[in-house]
Amino acid sequence: MSDVTKVTVNLPNEVIAQLKELAAANNTTLTETIKRSIEFNKYMTDREKEGGKLLIETPDKKFQQIIRK
Numbered sequence: 000m001s002d003v004t005k006v007t008v009n010l011p012n013e014v015i016a017q018l019k020e021l022a023a024a025n026n027t028t029l030t031e032t033i034k035r036s037i038e039f040n041k042y043m044t045d046r047e048k049e050g051g052k053l054l055i056e057t058p059d060k061k062f063q064q065i066i067r068k
């Protein structure tokens, strides 16, 4: 097992509700959901720094670029 550090965060109730919804949808813990979210954000940030773009294919097979804040 890798080293771990306990972290305390203060999040709005709306974000906690979203976190719980994601955890339930993925059948995982809140901790794992936070970890995955951070890893995904890091991956996306790294790709954007390299000039990459996030594209989503819509149900009608068109591509839409997602602009992150």
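Quick note on numbering that gives the first Met the number 0: the sequence shown kicks off at 0 and runs consecutively. Virtual Cβ for every residue (Gly too), placed ideally from N, Cα, C.
Worksheet item: Does the segment 14 to 22 come close enough to the segment 32 to 44 that 3 or more CB-CB pairs lie under 8 Å?
Response: yes
Discussion item. Out of E47, P58, T27, F62, which one is the CA nearest neighbour of K68?
Written reply: E47
Worksheet item: Rounded to a whole number of angstroms, what is the C-alpha to C-alpha distance between D2 and G50?
Response: 32 Å
Worksheet entry | Beta bridge counterpart(s) of F62 as assigned by DSSP | E56
Practice prompt. Could you name the residues of the same chain whose beta carbon sits closer than 8 Å to that of M43, not counting the 5 residues immediately before and after it, in chain order?
Written response: L53, R67
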